[in-house]
Amino acid sequence: MKKFGLTAFLILSLAACATNPDGSKLSADDEESKVEYYNRAMFNFNYQFNKKVMKPVAKGYKKITNQFFRDRVSAFFDNLEEPAYFINNLFQGEIKNSGISVGRFLLNSTLGLAGTFDVAAGWGLEKKKNSFDQTMAKYCVPDGPFFILPIVGPATPRYVAGWTADAYASPLFWALIDVEDDGVDAAVVGATALKYINLYAENEGLIESLEAGSVDFYATMKSAFLQNRQKFVSLCAQGADDEETLSYDFDFGYDDAFDEEME
Amino acid sequence: MQKFLSFVVAVFLLATGSAQAEVNAQQAEDFIKQVTTQGIEEIINSDVSIEEKDARFADLFNKYLDLDFIGRFVLGRYWRTSTPEQQKEFINVYREMNIKTWSKRFDEFKGKTFVFKGTTPSNSAGQIFVNTEVPMEQGAPAKVVWRVKETKGEFKVVDIIIENVSLAITARNEYTAYIKKSPDGVDGLIANLRQKSQQ
């Protein structure tokens, strides 16, 4: 019964949310707009989730922590990404960078007090961020269509695949499978929750100011998300060192062909 | 023969077009240095009232951004189908809304600096990209690219690209999506933007 209640609540809130930016009902009749219908509904659900759940939690979290603590939390979780950076740098033939990622992980995990301080950067070992998403982009795996995931938000199939693969490289995941102990499992779940609460708390201001200037927040997020992903496009065709094709160097004139292409 | 002639004409136009397109990289970079320095020193880090900051920002915004140019691009195909009054109204509310939303974000930029990383040519005539980075306390620096347009020796900002996200493209996608769905079309957008700028 409880389960049914939750399902009913979810369906109802989705239906209630499926409106146009101006508040009018969105029709799902148009075959073409069905995907967008789902996306907007899920986007609104996530929006309400953030507002009703994440925001109060982040507020409480900010009350009991200070900036110093939150910086340590960010650094701790950033450090756990280093194994994924290592593997992906290796996959992409960035041997030197993958060495740096190993060095950073070893140094920061020990001298950097379990990664809470980035001591390696102080010695000139700057972070070499990388992802399986980028590895796939380099091997010309197509990105796929844009969609909205529950809770997580904007995504594409390649984005999700990359994100999942990188999660397997995280020490958090190793702990989950290697140690047969419910206590450890609970700790991993707790840590993951902390990671996202911290992330939300640190970016709340940015999200809110983005929304403040927006007439159609869904369209804004979608556009920004897809543009940001354009940075990987040149990796496939020309290799990483080619910087000639700028995705944002669109024809800043007013010709019709461009209008069609953009909308 | 006629085809060949038009080919020759096209090549000629392209050649002269790209010759015109040369923007002085040093001048463009100096221009952005001036904009960012003025913004940081005279607004963000200055010890004046919030009202004074807002007023100074409005001046800076109007002086250095070519909002007629950006606004026209942002409306996309709907620019041509709008009446001159609607066009004027749109530019006005778009300006006000931008000034309003950016003014609220001054605190986020406190203590930030811009590190200049050279320029990149653009395929659009008379335009160039000035590359900057903003160092962050945590993680990698944010990449901020300024699209600069030169007209008769005068420089204007026409787009700001933050981490590969163009503000002009984002606004265009958003506004055209809104107009497409709004029963009042462009007027609906104008009304919504006006409301946003008055909040």
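Chains A and B, in that order, are what the protein sequence lines are. Its first residue numbered 220, the first sequence is counted upward by one per residue in my numbering. Its first residue numbered 302, the second sequence is counted upward by one per residue in my numbering. Quick reminder that beta carbons are idealized off the backbone N, C-alpha and C, glycines included.
* Asked: In three-state terms, what does DSSP make of L468(B)?
  -> Residue mapping note: residue 468(B) aligns to position 167 of the second sequence, counting from 1. L468(B): helix per DSSP, three-state reduction.
* To do: Please determine if the segment 420-428 of chain A and the segment 453-469 of chain B are in contact, where contact requires at least 3 C-beta pairs separated by less than 8 angstroms.
  => Counting C-beta pairs with one atom in each stretch, the segment 420-428 of chain A and the segment 453-469 of chain B have fewer than three that are closer than 8 angstroms, which means they do not touch.
* Buried/exposed call for L425(A), threshold 16 Cβ in 10 Å -> Here residue 425(A) refers to the residue found at position 206 of the first sequence. With a 10 Å radius around the Cβ and a threshold of 16 neighbouring Cβ atoms, L425(A) comes out exposed.
* To do: Give every residue of the same chain whose Cβ lies closer than 6 angstroms to the Cβ of L368(A), excluding the five residues on either side of it in the sequence, and list them in chain order.
  => One-based indexing of the first sequence puts residue 368(A) at position 149. These residues qualify, in order along the chain: A374.
* Anything in the segment 432-449 of chain A with a Cβ closer than 7 angstroms to a Cβ of chain B? List those residues in chain order, please. => Close to chain B, meaning a Cβ-Cβ distance shorter than 7 angstroms, are the following residues of the segment 432-449 of chain A: G432, S433, V434, D435, A438, T439, S442, A443, Q446, N447, Q449.
* Whole-angstrom distance between F332(B) and K453(B), CA atom to CA atom -> Position 152 of the second sequence holds residue 453(B). Position 31 of the second sequence holds residue 332(B). Each residue's Cα considered, the two are about 14 angstroms apart.
* When Cβ atoms are compared, which residues of the segment 282-309 of chain A fall closer than 8 angstroms to chain B? -> Within the segment 282-309 of chain A, D290, S293, A294, D297 place their CB atoms closer than 8 angstroms to a CB of chain B, listed in sequence order.
* What residues from chain A crowd round S467(B), counting only those whose CB sits closer than 8 angstroms? -> Counting from one through the second sequence, the residue named residue 467(B) turns up at place 166. Chain A residues near S467(B): Q446, Y467, F469.
* **Which of helix, strand or coil DSSP assigns to W382(A)** => As a first step, residue 382(A) must be located in the first sequence, where it is residue number 163. DSSP, read as helix, strand or coil, puts W382(A) in helix.
* Mind listing which residues of the segment 387-421 of chain B have their C-beta closer than 9 angstroms to chain A's C-betas, in chain order? -> Of all residues in the segment 387-421 of chain B, the ones placed with a Cβ closer than 9 angstroms to any Cβ belonging to chain A are M398, N399, K401, T402, W403, K405, R406, D408, E409, T421, in chain order.
* **Where S453(A) meets chain B, residues with beta-carbon distance less than 7 angstroms** => Taking the first residue of the first sequence as 1, we reach residue 453(A) at position 234. Chain B residues near S453(A): none, gap ~11 angstroms exceeds 7 angstroms.
* For the segment 468-493 of chain B, which residues have a CB atom closer than 9 angstroms to at least one CB atom of chain A, in sequence order? -> Listed in sequence order: A469, I470, T471, A472, R473, N474, E475, Y476, T477, A478, Y479, K481, K482, S483, P484, D485, G489, L490, N493.
* Cα-Cα separation, P364(A) to V452(A) -> If you number the first sequence from 1, residue 364(A) lands on position 145. If you number the first sequence from 1, residue 452(A) lands on position 233. Roughly 15 angstroms between the two C-alpha positions.
* Return the residue from the list S428(A), Q449(A), S317(A), C455(A) that minimises the CA-CA distance to C359(A). => Looking up residue 359(A) in the first sequence gives position 140. Nearest option by C-alpha distance: C455(A).
* What residues are listed by DSSP as bridge partners for Q428(B)? -> The residue given as residue 428(B) occupies position 127 in the second sequence. For Q428(B), the beta-bridge partners assigned by DSSP are K450(B).
* To do: Round the Cβ separation of K348(A) and Y387(A) to the nearest angstrom and send it over; I've been treating them as touching at under 8 angstroms.
  => For the purposes of this step, residue 348(A) is identified with residue 129 of the first sequence, where counting begins at 1. For the purposes of this step, residue 387(A) is identified with residue 168 of the first sequence, where counting begins at 1. Rounded to the nearest angstrom, the Cβ distance from K348(A) to Y387(A) is 18 angstroms, too far for a contact under 8 angstroms.
* Quick one: give me the first and last residue of the alpha helix (DSSP H) that T354(A) is part of. => Taking the first sequence and counting its residues from 1, the one referred to as residue 354(A) is at position 135. Segment 351-357, the alpha helix (DSSP H) holding T354(A).
* Asked: Taking a cut of 7 angstroms between CB atoms, which residues from the segment 408-433 of chain A lie near chain B?
  -> From the segment 408-433 of chain A, only G424, S428, A431, G432, S433 have a Cβ closer than 7 angstroms to chain B.
* C-alpha gap between E342(B) and A329(B), whole angstroms -> The residue given as residue 342(B) occupies position 41 in the second sequence. The residue given as residue 329(B) occupies position 28 in the second sequence. Rounded to the nearest angstrom, the two C-alpha atoms are 20 angstroms apart.
* Kindly indicate the opening and closing residues of the alpha helix (DSSP H) around I371(B). => Here the question's residue 371(B) lines up with position 70 in the second sequence. 368-375 is the span of the alpha helix (DSSP H), which, as asked, contains I371(B).
* Beta carbon of N325(B), beta carbon of F362(B): below 8 angstroms? -> Position 24 of the second sequence, counted from the first residue, corresponds to residue 325(B). Position 61 of the second sequence, counted from the first residue, corresponds to residue 362(B). Taking 8 angstroms as the Cβ cut-off, N325(B) and F362(B) do not qualify as a contacting pair.
* **Range of the contiguous alpha helix (DSSP H) that encloses E430(A)** => Within the first sequence, residue 430(A) is the residue found at index 211, counting from 1. In the DSSP assignment, E430(A) falls within the unbroken alpha helix (DSSP H) covering 401-431.
* Asked: Looking at R323(A) and Y437(A), is the spacing between their C-beta atoms short of 8 angstroms?
  -> The residue given as residue 437(A) occupies position 218 in the first sequence. The residue given as residue 323(A) occupies position 104 in the first sequence. No; because the gap between Cβ atoms is not below 8 angstroms, this pair is not in contact.
* Going by the CB atoms, is the gap between F415(B) and T471(B) shorter than 8 angstroms? -> To locate residue 471(B), count along the second sequence from 1; it is residue 170. To locate residue 415(B), count along the second sequence from 1; it is residue 114. Cβ atoms of T471(B) and F415(B): not closer than 8 angstroms.
* Among the residues of its own chain, which have a CB less than 8 angstroms from the CB of I344(B), if the five just before and after it don't count? -> Against the second sequence, residue 344(B) aligns to sequence position 43. Apart from the 5 residues on each side of it in sequence, I344(B) sits with its Cβ closer than 8 angstroms to the Cβ of K354, R357, F358, L361, F407 in its chain, given in chain order.
* Residues of its chain near A277(A), where Cβ-Cβ distance is below 8 angstroms and the 5 sequence neighbours each way are ignored -> On the first sequence, residue 277(A) is found 58 positions in, with the first residue counted as 1. If you ignore the 5 residues before and after A277(A), its C-beta comes within less than 8 angstroms of the C-beta of I416, Y419, A420, E423, all in its own chain and listed in chain order.
* To do: Note down, in chain order, every chain A residue with its Cβ under 8 angstroms from the Cβ of N424(B).
  => Taking the second sequence and counting its residues from 1, one reaches residue 424(B) at position 123. The answer, in chain order, is D468, D470.
* Asked: What three-state label does DSSP hand I370(A) in the structure shown?
  -> Numbered from 1 along the first sequence, position 151 holds the residue referred to as residue 370(A). Looking at I370(A) - three-state DSSP - the assignment turns out to be coil, as it is neither helix nor strand.
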